[in-house]
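So the sequences go chain by chain: X and D. Quick note on our numbering: the first sequence kicks off at 550 and runs consecutively. Quick note on our numbering: the second sequence kicks off at 86 and runs consecutively. Data first, discussion second: the structure below is written as structure tokens.
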Amino acid sequence: NAGVTQTPKFQVLKTGQSMTLQCAQDMNHNSMYWYRQDPGMGLRLIYYSASEGTTDKGEVPNGYNVSRLNKREFSLRLESAAPSQTSVYFCAATGGNYGYTFGSGTRLTVV
Amino acid sequence: GENVEQHPSTLSVQEGDSAVIKCTYSDSASNYFPWYKQELGKGPQLIIDIRSNVGEKKDQRIAVTLNKTAKHFSLHITETQPEDSAVYFCAASKQSNYQLIWGAGTKLIIKP
Chain X
550 NAGVTQTPKF
560 QVLKTGQSMT
570 LQCAQDMNHN
580 SMYWYRQDPG
590 MGLRLIYYSA
600 SEGTTDKGEV
610 PNGYNVSRLN
620 KREFSLRLES
630 AAPSQTSVYF
640 CAATGGNYGY
650 TFGSGTRLTV
660 V
Chain D
86 GENVEQHPST
96 LSVQEGDSAV
106 IKCTYSDSAS
116 NYFPWYKQEL
126 GKGPQLIIDI
136 RSNVGEKKDQ
146 RIAVTLNKTA
156 KHFSLHITET
166 QPEDSAVYFC
176 AASKQSNYQL
186 IWGAGTKLII
196 KP
């Protein structure tokens with residue numbers, strides 16, 4: 550019972566490099582979310598996908614793009630990484646008006 | 086839009102004592118209120134939740150109470166133990182979009 554799987558767990562990028570964070574869920578949930586969490590801070594929503602084929606901006610979408618590849622997978626792309634994007638990124642999934650299941654996070658450092 | 090305020094930001098209690106964390110929400114249409122625990126280096130994990138048709142819910146040492154009139158809900162942890170040390174987040178959502186609105190978090194410290 551993996552739940553939500555995120556890869557990679559750790560990543561160091563140079564300013565201007567691009568990368569894609571992967572997220573996959575095996576719970577057959579419709580909705581998926583990408584959050585960032587800065588040290589000592591709460592969760593800020595970057596993008597979400599209410600269902601397969603739809604994506605919407607959250608609170609802090611600038612500098613990011615997303616793809617809902619299928620029902621299972623929701624990826625987050627940084628086209629040109631900046632030091633301000635150093636953070637821990639969490640993916641989550643939910644089947645409706647229930648609790649979210651979170652992945653274990655990707656710790657990204659941009660130097 | 087919906088706003089969720091959480092207090093206190095840090096709570097330090099003696100092991101064995103009780104801890105209470107409070108949240109208020111602004112949207113009266115909210116009907117689902119979960120609590121999450123985040124341990125160091127891990128993702129948040131759902132520990133208990135309550136819906137608007139219930140006033141209180143218990144699960145062993147933890148309980149959540151909801152006051153719809155005042156639009157606030159609280160997490161109660163009794164007989165605190167060292168493993169309760171973590172950051173706790175409250176959240177609220179409504180059936181129209183299921184999107185959770187998060188509180189800012191409370192760092193709970195259990196003193197031995």
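Even for Gly, the Cβ is constructed at its ideal location relative to N, Cα and C.
1) With a threshold of 8 Å between beta-carbons, can D/Gly-86 be considered close to chain X, or not?
2) Run down chain X in chain order and give the residues with a C-beta less than 7 Å from the C-beta of D/Tyr-183.
3) At least one CB of chain D closer than 8 Å to the CB of X/Leu-592: is that the case?
4) In whole angstroms, what is the alpha-carbon distance linking D/Pro-93 and D/Ala-114?
5) If you run the structure through DSSP and keep just helix, strand and coil, what is D/Pro-167?
6) Under 8 Å between the Cβ atoms of X/Ala-630 and X/Leu-562?
7) Does the contact criterion of 3 or more C-beta pairs under 8 Å hold for the segment 94–106 of chain D versus the segment 579–591 of chain X?
8) If you check the beta carbons only, do X/Tyr-662 and D/Leu-185 fall under 8 Å apart?
9) State buried or exposed for X/Val-660, treating a residue as buried only when at least 16 other CB atoms are found within 10 Å of its CB.
10) Using the DSSP secondary-structure output, state which residues sit across from X/Ala-641 in a beta bridge.
11) Output, in sequence order along the chain, the residues in the segment 648–660 of chain X whose CB is closer than 9 Å to any CB in chain D.
12) Measuring alpha carbon to alpha carbon, tell me which of X/Thr-643, X/Asn-579, X/Phe-639 ends up nearest D/Lys-127.
13) At a Cβ threshold of 8 Å, is X/Phe-639 touching chain D?
14) Looking at D/Thr-165: is its Cβ nearer than 8 Å to the Cβ of D/Glu-100?
So, from the listed chains and residues:
1) no
2) Ser-580, Thr-643, Gly-645, Asn-646
3) yes
4) 25 Å
5) helix
6) yes
7) no
8) In the structure as shown, chain X starts at 550 and stops at 660, and residue 662 of chain X therefore has no counterpart that could be examined.
9) exposed
10) X/Tyr-582, X/Phe-651
11) Gly-648, Tyr-649, Thr-650, Phe-651, Gly-652, Ser-653, Gly-654, Arg-656
12) X/Phe-639
13) yes
14) yes
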